[in-house]
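Undergrad:
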Amino acid sequence: MTFIDNVKRYIHQNNLLQFNRRYIVALSGGADSVCLLLILHQLGYTIEAAHCNFRLRGKESDRDEKFCMDLCNKYSIPFHCIHFDTKAYASLHKVSIEMAARDLRYSYFENLRKDINAEGICVAHHREDCVETVLINLVRGTGIHGLRGILPKNGSILRPLLNSHRSDIELWLKAEEQDFVTDSSNFEDDVQRNKIRLDIMPLLQKLNPSVSDNIYSSAQHVAEGAQIIDDSLEKYLITREDIICYLPNPGFNGTEDYETSAYIHIAAVEHFSSPEYLLYYILKRYGFSGSQAEQIYAHFHEESGKLWKSATHELVIDRDWIIVHQPVKGMDKTMKIPETGYYHFNENCRLRISRFLKTGEFLPSKVGTIATIDSSKVHFPLTIRYTKTADRFHPFGMTGSKLISDLLTDMKKNLFQKQQQLVILDSEGKVIWLAGIRIDDRVKITDNTKTILKLELE
0 MTFIDNVKRY IHQNNLLQFN RRYIVALSGG ADSVCLLLIL HQLGYTIEAA HCNFRLRGKE
60 SDRDEKFCMD LCNKYSIPFH CIHFDTKAYA SLHKVSIEMA ARDLRYSYFE NLRKDINAEG
120 ICVAHHREDC VETVLINLVR GTGIHGLRGI LPKNGSILRP LLNSHRSDIE LWLKAEEQDF
180 VTDSSNFEDD VQRNKIRLDI MPLLQKLNPS VSDNIYSSAQ HVAEGAQIID DSLEKYLITR
240 EDIICYLPNP GFNGTEDYET SAYIHIAAVE HFSSPEYLLY YILKRYGFSG SQAEQIYAHF
300 HEESGKLWKS ATHELVIDRD WIIVHQPVKG MDKTMKIPET GYYHFNENCR LRISRFLKTG
360 EFLPSKVGTI ATIDSSKVHF PLTIRYTKTA DRFHPFGMTG SKLISDLLTD MKKNLFQKQQ
420 QLVILDSEGK VIWLAGIRID DRVKITDNTK TILKLELE
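Using numbering that gives the first Met the number 0, read the sequence shown as starting at 0 and increasing by one per residue.
This is the structure in structure tokens:
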């Protein structure tokens, strides 16, 4: 079987590409990406090339860009190119040059994919890349998922050459009499992957010439086993409704969405045969790492309140529950309310304020999202914001003042609920309503009240 037939079979076995869809090929100009571009072109797929000039290697970067553009012109393949100030991005975001280039690259590819309505992004990872990834993850410390190496498909990222050897790629290019460019950084010895490639792998190959194939084969077996475990855990979680409780979006009109927040019952997790792994399986969807899951598990029965963060979520242990929460944007937002009307505070909160005369038939609202207060005791403009640590008020029905944080603690509110609690203040800075919970006793309606101010959260 020829090299191109092997690639074709791998694409089919993993259901990577369809002939009636468009795909982006990440084209650097190196041997791997050039091979990928030409093979997909020969196989008849609809492709467009995308090249990133990271401006890191001076004339060499410009040479690579021109090579890629000329190659695409030769085969009438649509060509897209973008320039990045990679060093500035790395400095701004405090990441390495390698990480900056990766972030910029994949962000650009994904945006381009959406712009041209492409089905996926084809990248030219091969067997040796997969093996190196397994070793890197092993050195860093990893669980079963890290030992899978690189997968043939990860979201919109597709890897048609993953089953191919680097040496076979170069032999195919030689047979096709196709040139490619060489990135001088591939021969530098200061990047972790290059240390594996240039130093570690040659030593391992002396021990066993087939080490690369053996590691790759083992990674495939691990991937299959990991999939079986994941499928089993997903079915287990579906049948055990006592483990996770998905909560509405923050606000007063939220809909259920597991991506936003969830409660995980600690006792139910502990009853599982491997509680730490079950915890990691649940938490990884929220961006938490295996090491974080290990730390969280170790804190199950310690004092509540410790906070963990992933790139997208926050987590706190609160009594019998692990609470996962997606931070609300604009927690420092403050809005002035000049008079009665309808106000949009954020996507989860709208406030309607009206004023009317009190009649003998009036009864105070018992609905939590509605507050009725004595209009004469409130001075505009009002302010709506999230509560602060030092906020105090006089809770309705109580004598004297109380810290709002203490009241929320008494109500068993968790850290995230406290952070998201809204307050309404009058022009004097007096809290008149702990939104959705209780009004201030000083603005309550009495027999002497003539005009009522109604506050309604939506």
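Cβ atoms here follow ideal geometry from the backbone N, Cα and C, with glycine treated the same way.
At what residues does the alpha helix (DSSP H) containing residue 459 begin and finish?
TA: Since the displayed the chain opens at 0 and closes at 457, residue 459 lies outside it and no answer follows.
Undergrad: Look at the Cβ atom of residue 92, then the Cβ atom of residue 52, and state whether they are nearer than 8 Å.
TA: no
Undergrad: Would residue 138 be called buried (16 or more neighbouring beta carbons within 10 Å of its own) or exposed?
TA: Classification for residue 138: exposed.
Undergrad: Between 438, 262 and 105, which lies nearest to residue 397 when the distance is taken from Cα to Cα?
TA: 438
Undergrad: Let me confirm a value: residue 447 is counted as buried when at least 16 other C-beta atoms fall within 10 Å, else exposed. Which label applies?
TA: exposed
Undergrad: Starting from the C-beta of residue 451, find all residues in its chain whose C-beta is less than 8 Å away, skip the five residues before and the five after it, and write them out in chain order.
TA: 354, 355, 356, 357, 361, 371, 372, 373, 374 and 444
Undergrad: If we count the other Cβ atoms within 10 Å of its Cβ and call it buried at 16 or more, is residue 158 buried or exposed?
TA: buried
Undergrad: Note the first and the last residue of the continuous beta strand (DSSP E) segment covering residue 455.
TA: 450-456
Undergrad: Alpha carbon to alpha carbon, how far is residue 281 from residue 99? Give it in angstroms, no decimals.
TA: 29 Å
Undergrad: Which full runs of the alpha helix (DSSP H) of 4+ residues lie inside the segment 276-353, going along the chain?
TA: With a minimum length of 4 residues, the continuous alpha helix (DSSP H) runs that stay inside the segment 276-353 are 289-297.
Undergrad: Using a Cβ-Cβ cut-off of 6 Å (strictly less than) and excluding sequence neighbours within five positions of residue 324, which residues of its own chain qualify?
TA: 260, 313 and 415
Undergrad: Looking at the secondary structure, which residues open and close the alpha helix (DSSP H) in which residue 224 lies?
TA: 210-238
Undergrad: Mapping DSSP to helix, strand and coil, what is residue 254?
TA: Unreliable positioning characterises residue 254 in this predicted model, as indicated by a pLDDT of 42, which lies under 50. A coordinate reading is not provided.
Undergrad: Looking at C-alpha atoms only, which residue of 409, 440, 384 and 426 is the closest neighbour of residue 418?
TA: 384
Undergrad: Given a cut-off of 8 Å, decide if residue 289 and residue 309 are closer than it, judged by their beta-carbon atoms.
TA: In terms of Cβ geometry, residue 309 and residue 289 do not form a close pair [threshold 8 Å].
Undergrad: How far does the alpha helix (DSSP H) with residue 164 in it reach, from first residue to last?
TA: It is not in any alpha helix (DSSP H) - residue 164 carries neither H nor E in the DSSP assignment.
Undergrad: Residue 62 to residue 175, Cα distance in whole Å?
TA: 22 Å
Undergrad: In chain order, what residues of the same chain lie with their CB nearer than 7 Å to the CB of residue 172, ignoring the 5 residues before and after it?
TA: 30, 33, 34 and 179
Undergrad: Below 8 Å between beta carbons: does that hold for residue 388 and residue 420?
TA: no
Undergrad: Are the segment 100-119 and the segment 148-165 touching, with three or more C-beta to C-beta distances below 8 Å?
TA: yes
Undergrad: According to the Cβ coordinates, are residue 423 and residue 454 closer than 8 Å?
TA: yes
Undergrad: In chain order, what residues of the same chain have a beta carbon less than 6 Å from the beta carbon of residue 68, not counting five sequence neighbours either side?
TA: So the list reads 78, once near-sequence residues are dropped.
Undergrad: Per DSSP, which one or two residues make a beta bridge with residue 371?
TA: 453
Undergrad: What's the gap between the Cα of residue 318 and the Cα of residue 303?
TA: 6 Å
Undergrad: What is the rounded straight-line gap between the Cα of residue 3 and the Cα of residue 198?
TA: Distance between the alpha carbons of residue 3 and residue 198 is about 30 Å.
Undergrad: DSSP three-state call for residue 132: helix, strand or coil?
TA: helix
Undergrad: Please return the same chain residues whose Cβ sits closer than 8 Å to the Cβ of residue 295, not counting the five positions on each side in sequence.
TA: 278, 282, 287, 307, 314, 316 and 321
Undergrad: Kindly indicate which three-state DSSP category residue 241 falls into: helix, strand or coil?
TA: coil
Undergrad: When we look at the beta-carbon of residue 188 and count the other beta-carbons within 10 Å, is it buried (16 or more) or exposed?
TA: Legend: pLDDT at residue 188 = 42, less than 50; position of this residue unreliable, no value from coordinates given.
Undergrad: Quick check on the DSSP output: the beta strand (DSSP E) that includes residue 54 runs from which residue to which?
TA: Segment: none, residue 54 is in no beta strand (DSSP E) and carries neither H nor E.
Undergrad: Please classify residue 50: is it buried, with 16 or more other beta-carbons within 10 angstroms of its beta-carbon, or exposed?
TA: buried
Undergrad: Looking at residue 157 and the ligand FAD, is the gap between the Cβ and the nearest heavy atom below 7 Å?
TA: Among the ligands in the structure shown, none appear at all, so the ligand FAD cannot be discussed.
Undergrad: Using 8 Å as the threshold, is the C-beta distance between residue 430 and residue 392 below it?
TA: Closer than 8 Å, so yes.
Undergrad: Determine the closest residue to residue 132 out of 339, 76, 148 and 223, with distance taken between C-alpha atoms.
TA: 148
Undergrad: Around the Cβ of residue 407, are there at least 16 other Cβ atoms within 10 angstroms (buried) or fewer (exposed)?
TA: buried
Undergrad: With a CB to CB cut of under 7 Å and the five nearest residues on each side skipped, what residues in its chain are close to residue 95?
TA: 89
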